[in-house]
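Numbering (this note's numbering), first residue to last: 31 to 597.
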């Protein structure tokens with residue numbers, strides 16, 4: 031792993047910390063680090079549960095609601111067209127549930143990753159029209175499907191696009207387009223967040239028009255467990271109040287685990303209801319839901335979430351567990367293959383571009399993510415087909431990968447994504463030119479920059495004064511994730527009392543760190559096992575604090591993020 035540059039936050043002045051009488055001083059320091067410099071702003075960040083905009087602030091929402099309500103009234107058959115990742119699957123389940131509650135004749139459609147690819151595709155729309163459907167509502171996709179929307183309209187479909195991905199040069203000429211990116215001050219919602227806003231708008235419209243027969247007993251907030259999963263799994267920023275509200279309320283529902291599919295999946299990962307956090311979604315629920323679309327059909331995950339009873343839910347949860355295990359194996363193999371392709375010359379380039387016919391389309395994004403993390407470079411991993419190829423890209427903060435792909439649009443069949451994650455389809459004949467252009471752009475943009483991952487540290491702590499109670503105080507910062515990371519602390523010059531490797535192939539580091547008049551502190555460092563070959567007697571450690579549970583016993587543990595020799 032590349033050594034990290036430790037960026038230690040400036041300590042807040044004592045008079046600042048004294049203003050926060052209701053929170054622990056360490057929590058107050060973290061709030062200061064993250065820009066919440068008044069007690070009012072801090073309180074809103076920590077506790078807000080109701081700060082949500084009206085769904086009708088989004089462009090196109092009124093038109094979308096009007097067309098859907100007309101379809102419900104006329105019993106027109108409609109399709110909710112989703113995406114095959116966790117955000118798309120939860121979006122599909124949420125909107126189908128809402129529409130059925132309102133009396134709609136609605137069916138789900140999620141394309142197959144290998145056979146159809148991401149987003150709207152014309153053959154699917156043609157088949158949907160032939161089967162008599164009149165209306166298609168997309169969730170988590172469609173914003174760059176300009177040609178496909180036109181072809182769908184020509185086949186007789188009205189198409190409503192709801193999405194959250196970045197806009198292309200042209201917005202599809204759909205019946206309505208709802209995407210927060212169109213707003214002057216965009217809400218940073220996931221696709222499922224946009225679907226939830228549409229759900230709220232539909233119910234509000236029904237009630238405002240006096241039609242409470244179908245909507246009176248249905249509250250879209252019943253679906254916030256799905257919103258939490260999609261929002262966290264899609265790495266939406268959790269420093270934005272709208273996402274914090276949605277995820278916080280969704281986590282409350284997840285911890286009741288009333289949805290059979292959620293209860294079955296929690297059983298599979300060994301998590302009890304009541305202990306679900308954003309990390310449970312990020313490392314447990316989300317990867318298994320994603321595994322369906324990566325290696326099989328995303329409809330497996332959809333059926334899990336829509337399961338009416340535990341017997342059916344357990345069947346789908348077990349299948350997701352099998353697929354996730356396969357996904358892990360395939361990812362390891364593909365990562366080694368990709369690294370094997372990289373000559374020493376490639377590793378010095380500002381952008382990694384790896385292509386192979388053996389790569390599976392469902393795992394190229396994971397491999398790109400691991401390469402980007404290991405080398406701290408933008409990484410493009412291409413699953414090479416006979417005539418055309420599909421790729422996933424992962425980037426670093428200094429290089430907006432979607433903007434770069436926009437400048438390569440003439441070489442691509444289609445593309446889209448976010449600043450740090452994107453995908454594209456390309457004809458094989460254009461691969462060399464594409465690689466050259468992306469590398470050249472990366473050289474221009476990243477030239478002169480020190481490409482070294484930064485580890486942001488919230489403050490220094492005294493190792494001898496750490497207590498379990500601090501972990502509980504830090505829990506007020508939840509949900510943690512993208513934009514609101516789990517706090518990282520550092521302690522200088524600690525004594526290593528014990529050092530060994532653990533886990534598969536000895537990849538992980540296990541330490542005991544001496545503490546005055548107390549038992550040593552346990553520390554675990556995932557992926558840091560190589561340190562055991564040359565571990566100094568005294569080190570500086572950067573870590574997250576957590577409670578470790580083992581055989582019914584709880585103890586304080588440092589989750590090491592990095593280690594360096596003590597100065």
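Ideal placement from N, C-alpha and C gives every residue a C-beta, glycine not left out. All values reported here derive from a predicted model rather than from experimental measurement.
Residue from the options with nearest C-alpha to residue i
i           : options            : result
residue 185 : 191, 421, 543, 153 : 153
residue 92  : 160, 324, 190, 147 : 190
residue 178 : 535, 151, 164      : 151
residue 595 : 549, 547, 520      : 520
residue 87  : 73, 210, 104       : 210
residue 454 : 473, 485, 414, 361 : 414
residue 486 : 218, 199, 197, 573 : 573
residue 541 : 525, 133, 270, 346 : 525
residue 139 : 132, 60, 331       : 331
residue 106 : 63, 96, 165, 313   : 165
residue 538 : 560, 502, 517      : 560
residue 597 : 500, 566, 576, 575 : 566
residue 377 : 212, 402, 550, 394 : 402
residue 593 : 281, 42, 439, 564  : 564
residue 458 : 491, 394, 386      : 386
residue 104 : 296, 134, 411, 35  : 134
residue 437 : 468, 426, 515      : 468
residue 417 : 427, 426, 456, 408 : 456
residue 555 : 536, 548, 549      : 536
residue 303 : 312, 309, 288      : 288
residue 297 : 530, 345, 360      : 345
Pair within 8 angstroms by beta-carbon distance, residue i and residue j
i           : j           : result
residue 116 : residue 264 : yes
residue 83  : residue 268 : no
residue 489 : residue 39  : yes
residue 126 : residue 144 : no
residue 483 : residue 47  : no
residue 446 : residue 432 : yes
residue 351 : residue 318 : yes
residue 170 : residue 112 : yes
residue 176 : residue 202 : yes
residue 97  : residue 231 : no
residue 260 : residue 324 : no
residue 517 : residue 278 : no
residue 270 : residue 343 : no
residue 234 : residue 208 : no
residue 406 : residue 472 : no
residue 527 : residue 499 : no
residue 198 : residue 173 : yes
residue 424 : residue 450 : yes
residue 276 : residue 223 : yes
residue 307 : residue 281 : yes
Integer Cβ distance of residue i from residue j, believed to fall under 8 angstroms
i           : j           : result
residue 121 : residue 204 : Rounded, the Cβ-Cβ distance is 17 angstroms, inconsistent with contact.
residue 316 : residue 257 : Not confirmed; about 13 angstroms, so no contact.
residue 588 : residue 546 : Their Cβ separation, rounded to whole angstroms, is 16 angstroms, which puts residue 588 and residue 546 out of contact at 8 angstroms.
residue 337 : residue 367 : That pair is no contact at about 37 angstroms.
residue 221 : residue 188 : With a Cβ gap of about 20 angstroms, residue 221 and residue 188 do not count as contacting.
residue 129 : residue 136 : 4 angstroms
residue 142 : residue 327 : 6 angstroms
residue 442 : residue 463 : Contact flag wrong, Cβ pair sits at about 11 angstroms.
residue 219 : residue 182 : So it is not a contact: roughly 24 angstroms between Cβ atoms.
residue 57  : residue 507 : 7 angstroms
residue 575 : residue 496 : 7 angstroms
residue 599 : residue 75  : The displayed coordinates of the chain run from 31 to 597. Any statement about residue 599 would go beyond what the structure contains.
Neighbour-count burial assignment, residue i, 16 or more Cβ in a 10 Å radius
i           : result
residue 569 : buried
residue 286 : exposed
residue 77  : exposed
residue 195 : buried
residue 420 : buried
residue 108 : buried
residue 466 : exposed
residue 578 : exposed
residue 81  : exposed
residue 333 : buried
residue 380 : buried
residue 532 : exposed
residue 237 : exposed
residue 60  : buried
residue 382 : buried
residue 305 : exposed
CB contact below 8 angstroms: residue i versus chain D
i           : result
residue 530 : Absent here is chain D; the protein component of the structure consists of one chain.
* To do: Just list the alpha helix (DSSP H) runs in the stretch 457 to 495, keeping only unbroken ones of 4 residues or longer that don't cross its boundaries, in chain order.
  => 461 to 476
* Ranges of the alpha helix (DSSP H) found wholly within the stretch 263 to 293, counting only runs of at least 4 -> 271 to 286
* To do: Run through the stretch 487 to 556 for me and flag every whole beta strand (DSSP E) of 3 or more residues, listed as ranges in chain order.
  => 519 to 532, 538 to 545, 548 to 555
* Runs of alpha helix (DSSP H) wholly within the stretch 300 to 360 (minimum 4 residues, chain order) -> 316 to 325, 329 to 335
* Could you pull out every unbroken alpha helix (DSSP H) segment of at least 4 residues lying fully inside the stretch 139 to 209, listed in chain order? => 152 to 160, 176 to 184
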